Amino acid sequence: MRWIKQIAMYFALAAALVPTAQTVQAQSKNVVIAYQDMVVPWRYAQDMKELEKQTGYTVSFRQFGGGGDVIRAMASGQIAIGEAGTSPIASALSQGLDVELFWILDDINAAEAMVARNGSKIASVADLKGKRIGVPFVSTTHYHTLVALERAKINPKDVRIVNMRPPEVAAAWERGDIDATFIWDPVLAKLKQSGTVLITSGQIAADTGKATFDGMIANKKFARENPEFMVKLVRVLAAADENYRKNKASWTADSPMVKAVAKVSGAKPETVPASMALYSFPTLQEQVSERWLGGGAARALQSAAQFLKEQGTIQTVLPDYGPGVNAEWAKRALR
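In mature numbering (1 follows the signal peptide of the UniProt record, and there is no 0), the protein residues as written are -26 to -1, 1 to 309.
Dropping the structure here:
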């Protein structure tokens, strides 16, 4: 697959490029953070410039269409911190990118789902044979698409899986170019209006034990050189999640919080509250627990990597993904 070769090329260049880019960011107190279109409380903090206020750093945010794009940008040294899902993080660590998972942005649960377009004559995953599915490659939904097909005893070769970013999925759906997709909000909310949910990531995790999450990863060198920034970033993330958990009833479509989430993610305010309710946001105490950064996240990454290797997406599965998970910043934030 061409996209695999492209990612490999970026990783080959990473060793030479990353130190220079990250050193410049560290010295000038500038940091570039990659984000995607997931609707999470952190978007409100982004819009309110909370990280800049707490750290004094100049923070630039760049939006990417998928986790694979974020990983490529990190490999080339363009960004120091980014958001990515289980599969792209597992892929990055498997291919030697010097990054660390330091925060669970969200437990995906039912926030990602496989949807079939009305009129496609698809009533279940078993009906996907011979159909066209649009998904962002090397994403959590790509991973769960393959798991869902395996679960339904369908050979992936008998399905046409097309690499598309979320906006491209929405456009292809409208044109009738794809029959189904496995995607997240805000695109998921739109497609549900003219489609049928076949299965969710939460159902797949419950049935197979192969859970997915979105996480925040950092270039290890940048994190080492900017420890106070990392701790303050974690505190900003935790505060945003806590605000949502304690005041969920106030996060309505016309609230400044939801309007900010919609603005930053590209979603419609009226769909944000229902979309956010599909996720679970671990507390700071839960972040450092065995379930997440204390061991569970590393096991989830290894499971994802093993499956990706079986599908020919990556070549190597590490014996332990623990070195790619760092709970230290969250632990310090608790003090």
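A virtual CB, placed ideally from N, CA and C, is assigned to each residue, including glycine.
Note that the structure is predicted; figures quoted are calculated from it, not measured.
| Asked | Found |
| --- | --- |
| How would you write the range of the alpha helix (DSSP H) that I45 sits in, first residue to last? | G41 to A49 |
| Assign Q276 to one of three DSSP states: helix, strand, or coil. | helix |
| Quick check on DSSP: helix, strand or coil for V291? | coil |
| Using 8 Å as the Cβ pair cut-off and three pairs as the minimum, do the segment 20 to 35 and the segment 206 to 222 touch? | yes |
| For the beta strand (DSSP E) holding T32, just list the boundary residues, first then last. | T32 to Q37 |
| Measure the alpha-carbon distance for D151 versus V133 and round it to whole angstroms. | 14 Å |
| Excluding the five sequence neighbours on either side, which residues of its own chain have a C-beta within less than 8 Å of the C-beta of I125, listed in chain order? | The sequence given here places Arg at residue 125; Ile does not occur at that position. Closer than 8 Å at the Cβ level, and outside the excluded window around R125, lie V99, I178, D181 and T182. |
| Assess contact between the segment 222 to 235 and the segment 162 to 173, defined as three or more Cβ pairs (one per stretch) separated by less than 8 Å. Is contact present? | no |
| Measuring alpha carbon to alpha carbon, tell me which residue in A279, A278 and P256 is nearest G268. | P256 |
| With a 10 Å radius around its C-beta and 16 neighbouring C-beta atoms as the bar for buried, classify residue 319 as buried or exposed. | Because residue 319 is not part of the residues shown, which for the chain are -26 to 309, the question remains open. |
| Within the same chain, show all residues whose beta-carbon is closer than 6 Å to that of A(-6), passing over the 5 residues directly before and after it, in chain order. | Confidence at A(-6) is low in this model, with a pLDDT of 45, below 50, so its placement is unreliable and the value that follows should be read with caution. If we look at A(-6) and ignore the five residues flanking it on each side, its Cβ neighbours are G51. |
| Using only the alpha-carbon positions, how far apart do L71 and A49 sit? | 7 Å |
| Could you tell me which residues DSSP pairs with F187 in its beta bridges? | D81 |
| Where S224 and R139 are concerned, what is the direct C-alpha to C-alpha distance, given to the nearest angstrom? | 32 Å |
| Given a threshold of 16 other Cβ atoms within 10 Å of its Cβ, counted over all protein chains shown, does P15 qualify as buried or as exposed? | buried |
| Three-state secondary structure (DSSP) at W147? | helix |
| Starting from E86, trace the beta strand (DSSP E) both ways and give me its first and last residue. | E86 to R91 |
| Please state the DSSP three-state secondary structure of V171. | strand |
| Let's see if you can read the secondary structure: which residues bound the beta strand (DSSP E) around N300? | Run containing N300: none; DSSP gives neither H nor E here. |
| With 8 Å as the threshold, decide whether the Cβ of L120 is near any Cβ in chain B. | Note that chain B does not occur in the displayed structure, where there is just one protein chain. |
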